[in-house]
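Written out below as structure tokens is the structure these notes cover.
In my numbering, the protein residues as written are 1 to 287.
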């Protein structure tokens with residue numbers, strides 16, 4: 001099986017989108033995940049000229065978009081957590097609307113850029129005053145207008161389970177996705193996140209393969225704390241994970257996500273790609 005590795009621009013928060021794309025291409029990646037947030041492609045403030053610039057730079061570098069990352073919302077500057085808030089399940093309707101309308105704009109941007117999918121957060125942190133059932137109903141109600149738009153545009157809307165949020169385990173994702181029942185709602189399988197919550201990634205790849213439209217890959221330490229590490233520097237058996245992926249019919253992108261490495265995203269991305277290529281080469285040898 002041939003693996004297609006991309007790199008997320010969320011490691012390049014200190015660079016413009018144009019510079020980030022050129023740097024990622026020079027590292028040897030053929031795919032890129034575009035961050036729909038500042039300073040790269042915040043949809044609410046993105047001029048038509050900026051969309052054209054991204055397109056031209058993609059053509060120049062030969063990069064293909066693996067996914068649009070609509071999870072992070074640094075542009076809002078919420079002091080609680082700039083990635084998680086505003087969430088889908090805020091007690092205040094106007095805060096939920098910020099997340100919903102951002103996702104709609106990001107879906108339209110994905111269509112303009114020719115991206116196959118975008119991912120969003122799995123609900124958000126459960127507010128102390130809200131039951132889990134109430135939160136799930138809110139998430140469903142707020143997400144459905146985005147699901148309808150995704151179906152109209154032909155862009156996959158992916159839910160990414162994350163430790164500490166409403167949907168953090170893969171069985172929870174399956175239950176929620178079954179309730180929605182749309183072919184354009186899928187799973188962004190973050191390998192490190194699954195490991196953090198005790199869902200062994202190599203086991204779950206096969207169990208949820210029909211839902212997976214995109215992967216995030218990083219490593220996690222043996223204590224399973226949610227801190228992204230360069231692949232090969234943690235405790236995940238990534239060899240077994242790639243073997244599991246190779247046994248499925250997945251033909252899409254596996255995006256390296258190393259947003260904590262903003263101090264030197266080039267070196268982190270280079271190390272990740274070298275490790276993954278060597279790992280894939282060893283899998284080919286065994287075959």
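Every residue gets a Cβ at the ideal spot worked out from N, C-alpha and C, and that includes glycine.
Predicted, not measured: the structure shown is a model, and the values here were computed from it.
Problem set entry | Nearest candidate by alpha-carbon position, reference residue 83, set 119, 48, 239, 278 | Residue mapping note: residue 83 aligns to position 83 of the chain shown, counting from 1. Among 119, 48, 239, 278, the Cα nearest to that of residue 83 belongs to 119.
For this session: May I ask you to report which of helix, strand or coil DSSP gives residue 253?
Result: Start at 1 with the first residue of the chain shown, and residue 253 comes out as number 253. Strand at residue 253.
Problem set entry | Inter-residue Cα distance where the pair is residue 34 and residue 104 | Walking along the chain shown from the start, residue 34 turns up at place 34. Walking along the chain shown from the start, residue 104 turns up at place 104. One alpha carbon belongs to residue 34, the other to residue 104, and they sit about 16 Å apart.
For this session: Within 10 angstroms of the Cβ of residue 10, are there 16 or more other Cβ atoms? Answer buried if so, exposed if not.
Result: Indexing the chain shown from 1 puts residue 10 at position 10. For residue 10, the number of other beta carbons within 10 angstroms of its own is at least 16, and it is reported as buried.
Exercise. Between the stretch 53-69 and the stretch 129-140, are three or more C-beta pairs nearer than 8 Å?
Worked result: The answer is no - the stretch 129-140 does not touch the stretch 53-69, with fewer than three Cβ pairs under 8 Å.
Exercise. Taking DSSP as the reference, what is the three-state secondary structure of residue 287?
Worked result: Against the chain shown, residue 287 aligns to sequence position 287. Legend: pLDDT at residue 287 = 39, less than 50; position of this residue unreliable, no value from coordinates given.
Exercise. With respect to the alpha helix (DSSP H) encompassing residue 206, which residues constitute its N-terminal and C-terminal limits?
Worked result: Taking the chain shown and counting its residues from 1, one reaches residue 206 at position 206. From DSSP, the alpha helix (DSSP H) with residue 206 extends over 201-207.
Exercise. With a CB to CB cut of under 7 Å and the five nearest residues on each side skipped, what residues in its chain are close to residue 195?
Worked result: To locate residue 195, count along the chain shown from 1; it is residue 195. Taken in chain order, the residues that qualify are 201, 220, 224, 236.
Exercise. Is it a yes or a no for the stretch 248-260 touching the stretch 65-78, going by three-plus beta-carbon pairs under 8 Å?
Worked result: Yes, since at least three Cβ pairs between the stretch 248-260 and the stretch 65-78 fall closer than 8 Å, the two stretches touch.
Exercise. Terminal residues of the continuous beta strand (DSSP E) containing residue 52?
Worked result: Walking along the chain shown from the start, residue 52 turns up at place 52. Bounds of any beta strand (DSSP E) do not take in residue 52; it lies within the alpha helix (DSSP H) bounded by 48-61.
For this session: Within 10 angstroms of the Cβ of residue 121, are there 16 or more other Cβ atoms? Answer buried if so, exposed if not.
Result: Looking up residue 121 in the chain shown gives position 121. Buried, since its Cβ has 16 or more Cβ neighbours within 10 Å.
For this session: Evaluate the contact criterion for the stretch 150-157 versus the stretch 173-192: three or more CB pairs, one atom per stretch, below 8 Å.
Result: Enough Cβ pairs lie closer than 8 Å, so yes.
Problem set entry | Minimum length 3: unbroken beta strand (DSSP E) runs contained in the stretch 121-192 | Scanning the stretch 121-192 for uninterrupted beta strand (DSSP E) segments of 3 residues or longer gives 156-159, 185-190, listed from N- to C-terminal end.
Exercise. Which residues in the same chain as residue 24 place their Cβ atom closer than 6 Å to its Cβ, once the five residues preceding and following it in sequence are excluded?
Worked result: Within the chain shown, numbered from 1, the residue matching residue 24 stands at position 24. Cβ neighbours of residue 24 beyond the five flanking positions: 7, 32.
Problem set entry | Proximity below 8 Å, CB of residue 191 to CB of residue 217 | Taking the chain shown and counting its residues from 1, one reaches residue 191 at position 191. Taking the chain shown and counting its residues from 1, one reaches residue 217 at position 217. Cβ atoms of residue 191 and residue 217: closer than 8 Å.
Exercise. In this structure, does DSSP put residue 102 in helix, strand or coil?
Worked result: Taking the first residue of the chain shown as 1, we reach residue 102 at position 102. If DSSP states are grouped into helix, strand and coil, residue 102 belongs with the helices.
Exercise. Under a three-way DSSP split, which group does residue 45 fall into?
Worked result: Taking the chain shown and counting its residues from 1, the one referred to as residue 45 is at position 45. Of the three classes helix, strand and coil, the one that applies to residue 45 here is helix, per DSSP.
Problem set entry | Through-space distance from residue 40 to residue 101, alpha-carbon basis | The residue labelled residue 101 in the question sits at position 101 within the chain shown. The residue labelled residue 40 in the question sits at position 40 within the chain shown. Separation of residue 101 and residue 40 (C-alpha to C-alpha, rounded to the nearest whole angstrom) is 18 Å.
For this session: Have a look at 43, 181, 88 and flag the residue whose alpha-carbon is nearest the alpha-carbon of residue 130.
Result: On the chain shown, residue 130 is found 130 positions in, with the first residue counted as 1. Residue 130 has its Cα closest to that of 88, out of 43, 181, 88.
Problem set entry | C-alpha distance - residue 189 paired with residue 4, whole-angstrom precision | As a working mapping, residue 189 is identified with position 189 in the chain shown. As a working mapping, residue 4 is identified with position 4 in the chain shown. The straight-line gap from Cα to Cα measures roughly 15 Å.
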